[in-house]
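Residue numbers (my numbering), protein chains in the order written: chain A, 1 to 351; chain B, 352 to 702; chain C, 703 to 1053; chain D, 1054 to 1404. Glycine included, each C-beta is placed from N, C-alpha and C at the ideal position. All remarks here apply to the structure that follows.
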């Protein structure tokens, strides 16, 4: 009920603060007899790790994952899998001077109001660092869905207003922004550099494609698979919008254009984004999410302190300029977790 | 796990098919000693009822709600409240000729794939009629949040590409589309008339404002209140996109513009849409959702039958041209249910 | 969270008060394509119905069940199954004079303390009548487990201190108390008659056997199948004790006697009652539950009224003398519901 | 759904195997601003630790708990509290020779059947060691209920057939068996010595008293507080029976004796064990549970190996002779967790 667990069959519970002893995750409901090693998980974590690029925070965590339970002889046993990632490069004193300030765009103000207490160091529980635990859980979920031939790919669709227009999926792996348009990627890098110099930050749009998903996943009414995907993605701190298939665009189409007509060979179009009435139809699932710019900026901003007095703030810690591309593996993880959960839910009622 | 229940403390379970004996809802977890009558609920249901306007289906259901449990001497008792709405104006034979066809844009295909059986009459469980049960539950949720001074208002922001630009909230009640821009409302009506004549349908965008919400609602991590709102709204069949505050627009802003700076008098802007780190900040909650055009159209479309053979289909039953404005009370209900749930969840840990 | 729902995959939500318009149940998560008719359910309900025997209440409800959703062409569709049983023979005025009194042994006092309001008529939500909804849900669960060859049988093991000693299961169907020892059954009837004449009531012990259950059902740790069975049975108002296999007796055995040794042909004994470490082992599941005597008695008792003043009370409404045998189908229903749920849970992770 | 989590508001998720890297627990839903230190938890863990007495296993774990999250400045923050206890004194090779044998009375057979794989070392997930995580969680729950004046005490009521008859609660702390009858305690020790010499084991009965519980805790119907207590206690591996108040004894009483009559000063008796219709009535909650004898014994027993061949087994590892008294803090923990959960659930609907 306190929101740190997601999923109904394949469940993921994360814990930990940015500057506590460690962060971690308990994955429960994973089927037995699936090969799983720390190495598998580490590969995914490394994609999310800071310290790789000009847009990323200079904090250099190793993000070394340890498996503490649920694995025997290299295989899952059906019991809960506990993963831990120790916090190593913690410099909490960086945060001492903003201890009593509410950083604009952050959860400082709302955590204080909600709980009457908060761990201010590095954003505490609200830190982006919590998403490392999600990525680790996503690695396990990936094992579950890959067995069925389902894959999830996220990429940079927009950054700082620059749009990937000539989309060539192979380009994705040729630039560190995972943008499928090399020219756009170059312009995005320029925008990032510019923002950094201005002490400012940028947002963008991430595209996500799920391939190989069988029809039938998703539950009618409240747990439609698009509803669960929307929730999972909106639960990433930076996300302010989500659309499925033609999304907001479909609101401007007539039905005769928006409906995906059906032929014996399949759907003629995919405005639905692979989901009809909340259930997958076998086509690719297409999602786009809007990420707001990073809230921590050097530029001076007005705020108040815990006593309610007006103050100005300039945040000079180790912060990214844009959540992209580090958010990409997080998006993939969240979508993968939702799919693994619905895949197992489907099995419970159909055999 | 089968997705017919939403909420963790204030829970709502709907049941029923479009052409079965009745539809209904069980609301559990409602605090005791709240006044509640059938009349209260009926008022909200009447707003969603078909048969009122040129854009709506000519099916004339009374949608008469009965309270079967949970009320004593006009007050809630803390036990489950069961509501039933009988299906009266059912003409299932209308659907006989499309029994074996998969209507484009509908759940026919996916329900068949998921369950291997489906009630084809009027869309069965996937029918928009199920939302009457949500509206009824929303009436009860409204009692819970109104006590705390919270109100929810939805309105037509776009329809068929026409945008409400000169927004005057008072205009909302002066046109049946609940559009806060009278001029836009007139153009929208023209678009609706045109679509009807073409045997086609339209989509649009609904805006939602929550006023009077205290700070502190929403749980960190997976059950952020924006995540739960996104799920609740995306669970309405027609919704293909959702944004909170500046939403997709915020992806193009620099941080210095997007962050809502704070003064002793409050936030200077509301790009966050009233939610920071998944927790309400006391400002208005601002949401926009994209509705696709109605799937049932008279215009001829290609499809297949249950044997996989190519067919054409023209749907001539009693259908709306646009989900707006009938979806408006449904949006209000879903948002209200989420707020009631989080309000009670908040109480469990803070007193 | 409010306790009116049980199960995680196969879920059962009951609603309704003894003297409201109706009682009912929503069964969600039932697999599709299972034949189900009102007649199937009615048969089970008839076993629980009052008015059949000297130990039972003279209230003559028809307990006529109606299926309102989830069935199409005589088969389950995978959507929620809503069942309703109207309250017909309601004489609420019987309860007027005890409106302000707390009946000893009843929930009057605790409901009032918990909610600050209660429906006093016939016990309201705490009435045994609520169990009719459980029996109806159990009929559906029975369809799910019978397909796998699992059956559940409950019987009278003790009543008013008389113990069934020479157990011949076939005898069960030869007496209305469903006691597998004809001689004991006769003595039990004498005890019942005596209690009735004294304006008093009796308790007893119900035995339950599950046959044909495959190994592997039950989840480790908190959702052990014996834990879920204990909860399900203890949730029946009258139950004050439960034991699995040798139960309390096993606390007096040495390990060398209590352990069920294993041979290639199977377990040599069944002290475990078919459950090891919370998971079924393939042997019969053996359960015994203790039922307290009916609380409503004619004999004068001391109590207080809602103002806290001392009063005496003599309850002369239409009440059973003993919950046995009417509780027998309720016990079967609860065990069946738990098994159906765990059967489907098992499928989610093993295929 | 996989049974490693309990509670609805105050939730406890345990993970870990006996011979893995560590065991641990995530406690979510704990209210903020409660003082909590590792020392508080360690005190409770030390009571459960092996190596203290002739009845206990000579395995000498330090059971040193570490708090990894959820605490700031010595207080709970409302975020998940992650506790870890490293496994140190692990001698997995002790188990090599029984790797392919199913130990009678253990979960070896059922885990293998359920998952097709199992961690055989020290019982893996089914080990009693998992209960250390429960005790640690119970320490936190204790903070929640103690604030409201509620306390939980468990004691040895029977052991090896010896019954505590002259109960003097103060005696409890004068013998290591926590038996409130010194004479009985001495005879119990003799029985333990005897069983040890015979290579055998013993069971017993634990009594539990909850004092200071306000009326109103517990939910009607399925989540009655006695149902939740029964589940929680039955989920302890060794428990085979549970009774509330007069329990099985009440099945032999007439209603006129069993009903607890009410006076302005309170209930005249407490056969109900403090619970009416599943809701606490303000009186002490009285529970008794039956513990089977320890399954691991040196005495030779028949069993089969994983190939189905007949074998004999004599278990000579480091094992307790009786779960009492080590189970006592586990019982207290489980009851405390249930009470903390229901206390917070109550707050959600009543303020």
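| Check | Outcome |
| --- | --- |
| Contact with chain A by residue 405 of chain B, beta-carbon distance below 8 Å | Only weak support exists for where residue 405 of chain B lies, its pLDDT of 49 falling under 50; the coordinates are left without a value. |
| For residue 372 of chain B, the nearest candidate out of C:707, C:786, C:927 and C:724 (CA to CA) | C:786 |
| Presumed contact (8 Å Cβ cut-off) between residue 460 of chain B and residue 262 of chain A, rounded CB distance | 7 Å |
| Limits of the alpha helix (DSSP H) - the one that residue 454 of chain B falls within | Here residue 454 of chain B belongs to no alpha helix (DSSP H), and DSSP marks it neither H nor E. |
| Neighbourhood of residue 1040 of chain C by C-beta, 6 Å cutoff - its chain only, sequence neighbours within 5 removed | 930, 931 and 934 |
| Rounded C-alpha distance that separates residue 1326 of chain D from residue 1339 of chain D | 5 Å |
| Interface flag, residue 423 of chain B vs chain C, CB-CB below 8 Å | yes |
| Under 9 Å from the C-beta of residue 380 of chain B: neighbouring residues of chain D | 1401 and 1402 |
| Sequence-distant residues of its chain with Cβ nearer than 7 Å to residue 536 of chain B (five each side left out) | 526, 528 and 530 |
| Contact the region 550-562 of chain B vs the region 249-269 of chain A: 3+ CB pairs below 8 Å | yes |
| Assumed close pair residue 883 of chain C, residue 867 of chain C - CB separation to whole angstroms, cut-off 8 Å | 6 Å |
| Continuous beta strand (DSSP E) stretch holding residue 1072 of chain D: start and end | Segment: none, residue 1072 of chain D is in no beta strand (DSSP E) and carries neither H nor E. |
| Minimum length 3: unbroken beta strand (DSSP E) runs contained in the region 407-437 of chain B | 416-418 and 432-437 |
| Residue 338 of chain A, DSSP secondary structure in three states | helix |
| Within-8 Å CB hit, residue 93 of chain A to chain D | no |
| Alpha-carbon to alpha-carbon, residue 705 of chain C and residue 1146 of chain D | 46 Å |
| Reference residue 806 of chain C; option with closest CA among C:916, C:1031 and C:997 | C:997 |
| Opening and closing residue of the alpha helix (DSSP H) in which residue 603 of chain B lies | Premise fails: residue 603 of chain B is in no alpha helix (DSSP H) and is neither H nor E. |
| Cβ of residue 1166 of chain D within 8 Å of any chain C Cβ | yes |
| Rounded distance between the beta-carbons of residue 1248 of chain D and residue 1374 of chain D, thought under 8 Å | 5 Å |
| Any chain C beta carbon closer than 8 Å to residue 214 of chain A | no |
| Residue 1342 of chain D in three-state terms, based on DSSP | strand |
| Alpha-carbon to alpha-carbon, residue 211 of chain A and residue 591 of chain B | 19 Å |
| Identity of the residue in B:639, B:570 and B:574 nearest residue 251 of chain A by Cα | B:639 |
| Separation of residue 267 of chain A from residue 1398 of chain D, as counted between CA atoms | 48 Å |
| Cβ-based contacts, 7 Å cut-off: residues of the region 923-940 of chain C near chain D | 923, 924, 925, 926, 928, 929, 930, 932, 933, 936, 937 and 939 |
| Distance between residue 427 of chain B and residue 1011 of chain C (C-alpha atoms, nearest Å) | 27 Å |
| Per-residue contacts from residue 102 of chain A into chain B (C-beta, under 7 Å) | 613 |
| Classification of residue 265 of chain A by the beta-carbon crowding that lies within 10 angstroms, buried from 16 upward | exposed |
| Contact belief for residue 1289 of chain D with residue 1192 of chain D at Cβ below 8 Å, rounded distance in angstroms | The pair is not a contact, with the Cβ atoms about 17 Å apart (cut-off 8 Å). |
| Closest Cα partner of residue 1376 of chain D within the set D:1345, D:1386, D:1353 and D:1355 | D:1345 |
| Where the region 1062-1075 of chain D meets chain B: residues whose CB sits under 7 Å from a CB there | 1062 |
| Buried/exposed call for residue 1005 of chain C, threshold 16 Cβ in 10 Å | buried |
| Under 7 Å from the C-beta of residue 1055 of chain D: neighbouring residues of chain C | 921 |
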